[in-house]
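Have a look at the structure below before the remarks.
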Amino acid sequence: MITIALSKGRIFEETMPILNKAGIFCDEDPEKSRKLVLTTNNKDLQLIIVRASDVPTYVEWGGADMGIAGKDVLDEYQGIGLYQPLDLGIGKCQLMVAAQKEFDYKGSIKRKTRLRVATKYPQAARKFFSNKGIHIDVIKLYGSMELAPIVGMSDVIVDLVSSGKTLEANNLKAFEKISDISSRLIINEAALKIKREQLKPLIENFVKVAL
Ligand code: PRP
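Take a look at the structure:
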């Protein structure tokens, strides 16, 4: 049996067409089903639905042979034993530093002012600001980061920006890009050796679809 870990978050809508093009169809509508294990048209292939940030964990620990995860999640993940062969070109957005429109971001960077940074992405935030020689206090949040500067809890946020509508609706502005984000196919390195026969054609299908 081959198991693929997916999440129902931001990238799900774009994930299903990719799976379909790779010849994988769910037996029931995953949008409607509350099942966590979904069977497919291939009796030797199942999908599991996990939280976006848990996809690399399931793949590293062998709960799934492969998975689809955003680069944002993978950059934060400290694990090993994951093979990342393919950028699927879906779930495209940017990891940005944002703050209230009137915040003097340029000035505070120039003066190397210590910043309070609210984010779901502490690793990426620390790396980015340390490269600039700026000390930060990370305030770890799990969602709705946009609130933090509004209520005066942080100076800036580090968050994903796609259309920019969430920032705009909350009177925030993106000041600097940290990185471009898209979703990757990840594979458990041990499974790649042990289940090579079954995984190889599947990976080749994903490569064709992603081109
Ligand atoms: C992301 C991000 C922003 C929003 C940006 O949240 O955290 O809140 O999308 O999108 P926009 O620029 O198109 O407005 P997501 O929907 O992934 O949910 P999350 O809060 O659970 O991360």
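Mapping the sequence shown onto this note's numbering, position 140 (from 1) lands on 140, and the numbers just tick up by one. Cβ coordinates follow ideal geometry from the N, Cα and C atoms, glycine included.
- Just measuring C-alpha positions, the residue of G63, E28, I203 and S53 sitting nearest D75 is S53.
- The Cβ atoms of R184 and K71 lie closer than 8 angstroms to each other.
- In this structure, V161 has its CB closer than 7 angstroms to one or more heavy atoms of the ligand PRP.
- Within the same chain, G67, A69, V73, L74, Y77, G79, L82 and I186 come within 8 angstroms of P56 by CB-CB distance, once the 5 residues on both sides are set aside.
- By the beta-carbon neighbour count (other beta carbons within 10 angstroms, threshold 16), L47 is buried.
- In this structure, E189 is the residue among E189, P201 and V117 with its C-alpha nearest to the C-alpha of Q84.
- Your pair A98 and L172 checks out as a contact, with CB atoms roughly 5 angstroms apart and the cut at 8 angstroms.
- Closest option to D137, judged by alpha-carbon separation, among P122, D180 and M145: P122.
- The C-alpha of K127 is placed about 27 angstroms away from the C-alpha of L6.
- With contact defined as three or more Cβ pairs closer than 8 angstroms, the stretch 90–97 and the stretch 164–183 are in contact.
- Rounded to the nearest angstrom, the gap between the Cα atoms of I157 and P30 is 33 angstroms.
- In chain order, T40 place their CB closer than 6 angstroms to the CB of I24, counting only its own chain and leaving out the 5 sequence neighbours on each side.
- Under a 10 Å Cβ-count criterion, S163 is classified as exposed, with fewer than 16 other Cβ atoms of the shown protein chains found around its own Cβ.
- Close CB contacts of L141 within its chain, under the 7 angstroms cut and outside five residues either way in sequence, are with A118, T119, K120 and A148 (chain order).
- Where V73 is concerned, the enclosing alpha helix (DSSP H) starts and stops at K71 to E76.
- Taking 8 angstroms as the upper bound for CB-CB distance, I4 and M96 are not in contact here, some 30 angstroms apart.
- Bounds of the alpha helix (DSSP H) holding N131 are P122 to N131.
- Straight-line spacing of the CA atoms in A191 and A64 works out to 9 angstroms.
- L86 places its beta carbon less than 8 angstroms from that of V207.
- Separation of V50 and K8 (C-alpha to C-alpha, rounded to the nearest whole angstrom) is 7 angstroms.
- Ranked by Cα distance from E168, the options V151, Q100 and I194 are led by Q100.
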